[in-house]
Amino acid sequence: HRCLNRSRDCVMALTAGVVFVAIFCSCAFRVSAIVTPIETAVSEVCLGCICQAVSKCNATIGCSDGDCGMFRITKPYWIDAGKPTISLDNSEDDGAFSRCANDPVCAANTVRQYMSKFTKDCNRDGAINCLDFAAIHTYGGYADDCTIPLDKDFLEDFQLCINQIQGIDVRGSFD
């Protein structure tokens with residue numbers, strides 16, 4: 001088996017696979033209890049790879065410097081996404097933002113809703129895909145120009161995740 005050597009690539013692929021399965025299963029079973037379901041183009045693979053590139057999908061990362069959780073969501077981002085909450089929570093409660101951003105399912109739903117609101121073709125290639133969603137997540141939906149190249153470390157982790165899961169090469173799309 002090619003992952004017996006526990007190389008960085010294999011560990012990242014396995015981590016991304018676990019995150020993909022966890023987010024997909026959790027979303028499928030809990031989304032109706034979190035918020036009203038939405039139509040979205042953000043796949044579970046895309047969510048998992050954004051998560052991997054942002055925080056290595058660290059579910060215990062907590063809040064620091066104004067952002068929270070494995071997707072490093074800010075309060076304005078959460079508000080723009082419609083203030084989704086975990087089941088039975090009140091979006092107007094002081095801790096609702098951090099509870100949602102630190103909950104993998106609620107955080108993933110927040111990203112989906114944010115992307116639904118701010119969908120655009122950042123790299124102007126005629127298609128809206130995961131690379132566009134990564135740029136929107138990184139630069140924000142109000143950014144005048146989301147064609148700015150993504151951070152090298154972010155893009156490397158993102159690319160590796162996408163390659164491991166889907167076998168797609170997205171390099172050069174922002175060059």
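Under full-length UniProt numbering, the sequence shown has 174 at position 174, and the numbering climbs by one with no breaks. Built from N, CA and C at the ideal position, the CB exists for glycine as well.
In this structure, K117 keeps its C-beta atom at 8 angstroms or more from the C-beta atom of G95.
In the three-state scheme derived from DSSP, where H, G and I count as helix and E and B as strand, C63 is classed as strand.
In this structure the segment 154–166 does not touch the segment 109–127; the number of beta carbon pairs closer than 8 angstroms is below three. Within the same chain, Cβ atoms closer than 6 angstroms to the Cβ of F133 are found at V42, C46, M115, the five residues on either side in sequence being excluded. The continuous stretches of alpha helix (DSSP H) do not include G69, and DSSP gives it neither H nor E. A127 sits exposed, since fewer than 16 C-beta atoms from the chains shown fall within 10 Å of its C-beta. Three or more Cβ pairs closer than 8 angstroms define a contact, and the segment 48–58 falls short of that threshold against the segment 84–94. In the same chain as T74, and ignoring 5 residues on each side of it, the C-beta atoms closer than 6 angstroms to its own belong to G66, D67, in chain order. Per DSSP, reduced to three states, the secondary structure at T138 is helical.
The three-state reading of DSSP puts T74 in strand, counting E and B together. C100 and D125 have their C-alpha atoms some 33 angstroms from each other. When the beta-carbon positions are compared, C130 and C146 stay at least 8 angstroms from each other.
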